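Working notes for the structure below.
2 protein chains.
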Amino acid sequence: MQKDASILITGGSGFVGSHMLEYLLLQGYTNITITDRSNGEVPAGVRVEILDLTDAAATRTCFETCKPDYILNLASVATVGNSFQKAESMMTINSSLMLSVLEAMRAVTPNARLLQVSSAAVYGLVSSDRAAAQNEETPLKPINPYAVSKLTQEFLASAYARSYSLDVVTVRPFNHTGERQTTAFALPAFAQQIVAVERGEKESLSVGNLTGIRDFTDVKDIVVAYEILFDKGVSGEVYNLGSAEGHSMQEMLDLLLENSSVEVHLTEDPKLARPLDIPVSIADNGKITALGWAPTHDLSETVQRILDWQRKQ
Amino acid sequence: MQKDASILITGGSGFVGSHMLEYLLLQGYTNITITDRSNGEVPAGVRVEILDLTDAAATRTCFETCKPDYILNLASVATVGNSFQKAESMMTINSSLMLSVLEAMRAVTPNARLLQVSSAAVYGLVSSDRAAAQNEETPLKPINPYAVSKLTQEFLASAYARSYSLDVVTVRPFNHTGERQTTAFALPAFAQQIVAVERGEKESLSVGNLTGIRDFTDVKDIVVAYEILFDKGVSGEVYNLGSAEGHSMQEMLDLLLENSSVEVHLTEDPKLARPLDIPVSIADNGKITALGWAPTHDLSETVQRILDWQRKQ
Chain A
21 MQKDASILIT
31 GGSGFVGSHM
41 LEYLLLQGYT
51 NITITDRSNG
61 EVPAGVRVEI
71 LDLTDAAATR
81 TCFETCKPDY
91 ILNLASVATV
101 GNSFQKAESM
111 MTINSSLMLS
121 VLEAMRAVTP
131 NARLLQVSSA
141 AVYGLVSSDR
151 AAAQNEETPL
161 KPINPYAVSK
171 LTQEFLASAY
181 ARSYSLDVVT
191 VRPFNHTGER
201 QTTAFALPAF
211 AQQIVAVERG
221 EKESLSVGNL
231 TGIRDFTDVK
241 DIVVAYEILF
251 DKGVSGEVYN
261 LGSAEGHSMQ
271 EMLDLLLENS
281 SVEVHLTEDP
291 KLARPLDIPV
301 SIADNGKITA
311 LGWAPTHDLS
321 ETVQRILDWQ
331 RKQ
Chain B
21 MQKDASILIT
31 GGSGFVGSHM
41 LEYLLLQGYT
51 NITITDRSNG
61 EVPAGVRVEI
71 LDLTDAAATR
81 TCFETCKPDY
91 ILNLASVATV
101 GNSFQKAESM
111 MTINSSLMLS
121 VLEAMRAVTP
131 NARLLQVSSA
141 AVYGLVSSDR
151 AAAQNEETPL
161 KPINPYAVSK
171 LTQEFLASAY
181 ARSYSLDVVT
191 VRPFNHTGER
201 QTTAFALPAF
211 AQQIVAVERG
221 EKESLSVGNL
231 TGIRDFTDVK
241 DIVVAYEILF
251 DKGVSGEVYN
261 LGSAEGHSMQ
271 EMLDLLLENS
281 SVEVHLTEDP
291 KLARPLDIPV
301 SIADNGKITA
311 LGWAPTHDLS
321 ETVQRILDWQ
331 RKQ
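Sequence lines, in order, name chains A and B. Numbering-wise (the numbering used here), the first sequence opens with residue 21 and increments by one. Numbering-wise (the numbering used here), the second sequence opens with residue 21 and increments by one.
Below is the structure:
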C-alpha cells in the first residue's frame with residue numbers, strides 16, 4: 021500500500037478498529053477515514069464519517085467522499101453468547117451493512133480492495149478428526165446465528181466479487197484480545213471481575229465452562245496481518261488468522277490470575293453456559309504465515325495490558 | 021408417515037405447495053395445514069392459517085394450533101433474475117421466516133421433522149472439472165443474493181439442529197417446472213409467449229441466453245421426493261433432488277415449440293441476461309435415488325401440461 025492510499029475502516033471506533041488506527045498512523049499512512057455511528061474520540065489525522073452502514077445511500081455517499089482504495093470491513097454485530105435471542109436483528113443488520121458496502125464499492129470504487137473480516141466461528145463444530153486445526157477448506161458447521169451471519173457476509177461478498185469482478189479478500193480471525201475489548205468477551209470480563217476483587221467490590225469471579233480450547237492472538241498482531249492481507253492477499257481467497265496454538269480457557273484465566281495482586285476465588289455460573297459450545301478451535305495458519313505474518317506478542321504480556329486497562333477504568 | 025400425522029406446509033398455496041397438497045390428499049393424508057399470506061382457494065380437507073411467517077409470534081401460534089409432526093418449509097422469496105436489486109429485502113425475509121419456523125419448532129414441537137427446501141442455486145459457479153454433476157459435498161460458490169439467502173436458511177436450520185437437537189433434513193432441488201409455475205421462471209414465460217403468438221397477440225418470443233445446461237424435473241416427481249424424505253431422509257443430511265440429466269435451455273424451448281400450433285420466431289432480449297450465469301447445473305442424485313426415488317414423468321409431457329395450462333389463462 022502507498023502511504024497516501026485512501027483507507028476506509030468501517031466500525032473504526034471499535035476495539036480492533038482503534039488498534040488498526042494506532043498501527044496505521046504509526047506506519048505513516050496519511051489518508052484514513054473511519055465510519056462511526058456517533059461522534060466519538062478519534063486520533064488526530066483521521067477523518068470520521070458519521071453514518072449507519074445499514075443505510076445504503078449514506079454508505080454510498082461516504083464512498084463518494086473518501087473514494088477508498090482499501091476497505092477494511094470491521095463493522096458487525098458481534099455478540100456470540102446470546103446470539104439465539106438476538107438472531108433476527110443480528111442476521112438483518114449484518115447482511116444489510118454488508119450489502120451497503122458491496123453496493124457502494126460496485127457503484128463508486130469497483131477497483132478498490134475489500135478486506136472482509138469474518139470469523140473462525142464459521143467453522144463451528146469441527147469433527148473430532150479435524151479438531152487439531154482448521155484450515156480454510158474445513159467444512160463449515162456453524163452452531164449459532166452469529167456464525168451464520170458472518171458466513172452470510174462472506175457468501176454475499178463472494179457473490180458480488182464473482183458477478184461484478186470485485187477484489188475481495190476474506191480473513192477468518194480466531195480469538196483475539198487486548199486492552200479496550202468489551203467485557204462481552206471472556207478475558208476482559210474476567211479481568212474486570214479480578215480488578216473488582218482487588219478493590220474489595222466483589223468476593224469472587226463468576227465463570228462458565230472453562231474446558232474449551234481456543235487459539236488466542238494479541239490484537240496488535242491481528243492488525244499487522246490486516247495490512248499484510250491488503251498488500252499480499254490473493255483476490256478471492258480466504259485466510260485463517262490465528263497462532264495455531266490452543267489454550268484452554270482455564271489456562272487463559274490462570275494467566276490473568278497470576279497477574280492479580282490478590283487471591284481470587286472462582287464460582288461457577290450456569291447462566292454463562294451456551295446451548296452448545298465448540299470444544300476445540302485452533303487455526304491452521306499455513307496460508308497467512310506463507311505471506312510473512314507471524315504473531316510476536318506473548319500472551320502473558322497481552323493479559324497484563326488487559327488487566328492494567330481495567331485497573332484504569 | 022402415518023396418514024393422520026399433522027403435516028404443516030409453509031407457502032402451501034404456491035406452485036410446489038399446490039402440487040404437494042394434490043399429491044398428499046391423493047395418498048390419503050387427512051391432517052394437513054398450510055400457511056398463506058391471504059385467503060385463497062384451497063382444496064377441501066386442508067386447513068389454512070393466514071399469517072406472515074416473518075411474524076415470529078404468529079408463526080408460534082400456528083404451531084400451537086396444528087402441532088405439526090412434519091413441516092415442509094416451502095415459503096421463500098424466490099426471484100433469481102433480479103436478486104441483486106432486491107437483495108436486502110430478500111435476505112431479510114428469507115432469514116426472518118426461517119428463524120420464525122425454527123423458533124416455533126424449538127418451542128412447540130421439538131420432536132417434529134423439518135424438511136427444509138433449499139435450492140441447487142447454492143452450488144453456484146461449479147468449477148469446470150466438477151461441471152458434470154454436483155454432489156452434496158461440492159464446494160458452495162453462490163453467485164447471487166437469492167442463492168446466498170437459501171444458504172443462510174440452510175445454515176440457520178443446521179445451527180438450530182445442532183444446538184437444540186432438532187430433526188432437520190435439507191433438500192436442494194434442481195430446476196423443476198409444471199403447470200401453475202409463475203412466469204418469473206423461464207419455461208412458463210416461454211409458454212405464455214408461445215400462447216400469445218398462437219392467439220396473434222404477439223409477433224415473436226423474447227429470449228435471453230439459451231446456452232445454459234440445466235437439470236429439469238417435473239414438479240409431480242419433486243413432491244413424491246418430499247414424501248420420501250419425510251419418511252426416510254437421515255436427520256442432519258442434505259439431499260440433491262434432480263434427474264441427473266442436463267438439457268440446454270435451447271432444447272427445453274424446442275420441446276415447447278414442438279407442441280405449438282404455429283411457427284414461432286425468436287428475438288434476443290439483452291434485458292433478460294444476468295450479470296453472470298451458471299453454465300452447467302446437473303445433479304448427482306445418487307443419495308436420493310438410494311432412498312427409492314426416481315423421476316417418472318417425461319419432460320415432453322411436462323411441457324405439454326405447461327402449454328395447456330397457459331392456453332386456459
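For every residue, glycine included, the Cβ atom is placed at its ideal position computed from N, Cα and C. Being a predicted model, the structure only gives us computed values, none of them experimental.
Check: Minimum length 3: unbroken beta strand (DSSP E) runs contained in the region 48-97 of chain A; Outcome: 52-56, 66-70 and 90-93
Check: Unbroken alpha helix (DSSP H) run spanning residue 184(B), endpoints; Outcome: 165-184
Check: Stretch pair the region 176-184 of chain A + the region 160-179 of chain B: three plus CB contacts closer than 8 Å; Outcome: yes
Check: Partner residues on chain B for residue 40(A), Cβ-Cβ distance less than 8 Å; Outcome: Ordered by position in chain B, no residue passes the 8 Å Cβ test against residue 40(A), which lies about 27 Å from the chain.
Check: Chain A contact for residue 111(B) (CB, 9 Å cutoff); Outcome: yes
Check: Alpha-carbon to alpha-carbon, residue 305(B) and residue 311(B); Outcome: 10 Å
Check: Residue closest to residue 233(B), alpha-carbon to alpha-carbon, out of 227(B), 263(B) and 267(B); Outcome: 267(B)
Check: Selection from 50(B), 261(B) and 273(B) that minimises the alpha carbon distance to residue 308(B); Outcome: 261(B)
Check: DSSP bridge partner residues for residue 197(A) (one or two, in chain order); Outcome: 238(A)
Check: CB contact check: residue 322(A) to chain B, cutoff 9 Å; Outcome: no
Check: Contacts around residue 169(B), its chain only, beta-carbon distance under 6 Å, and the 5 residues preceding and following it disregarded; Outcome: 110, 111 and 114
Check: Candidates 293(B), 125(B) and 214(B), of which the one nearest residue 229(B) by Cα; Outcome: 293(B)
Check: Strand pairing of residue 287(A), partner residues [DSSP]; Outcome: 226(A)
Check: CB of residue 50(B) within 9 Å of CB of residue 83(B), strictly; Outcome: no
Check: Cβ neighbour criterion (16 or more within 10 Å) applied to residue 285(B); Outcome: exposed
Check: Residue 332(B) to residue 34(B) span [Cα, whole Å]; Outcome: 19 Å
Check: Closer than 7 Å at the beta carbon, the chain B residues around residue 168(A); Outcome: 172, 175, 176 and 179
Check: Stretch-stretch touch, CB-based, cutoff 8 Å, three pairs: the region 249-265 of chain B with the region 207-226 of chain B; Outcome: no
Check: Own chain partners of residue 315(A) with C-beta closer than 8 Å, once the 5 adjacent residues on each side are dropped; Outcome: 237, 238, 241 and 263
Check: Within 9 Å, strictly: CB atoms of residue 63(A) and residue 41(A); Outcome: yes
Check: Boundaries (first-last residue) of the alpha helix (DSSP H) holding residue 260(B); Outcome: It is not in any alpha helix (DSSP H) - residue 260(B) instead sits in the beta strand (DSSP E) that spans 258-261.
Check: Chain A contact for residue 104(B) (CB, 9 Å cutoff); Outcome: yes
Check: Residue nearest to residue 224(A) in terms of C-alpha spacing, selected from 125(A), 85(A), 280(A) and 138(A); Outcome: 280(A)
Check: Cα-Cα separation between residue 272(A) and residue 324(A), rounded to whole angstroms; Outcome: 12 Å
Check: Per-residue contacts from residue 163(B) into chain A (C-beta, under 8 Å); Outcome: 179, 182 and 183
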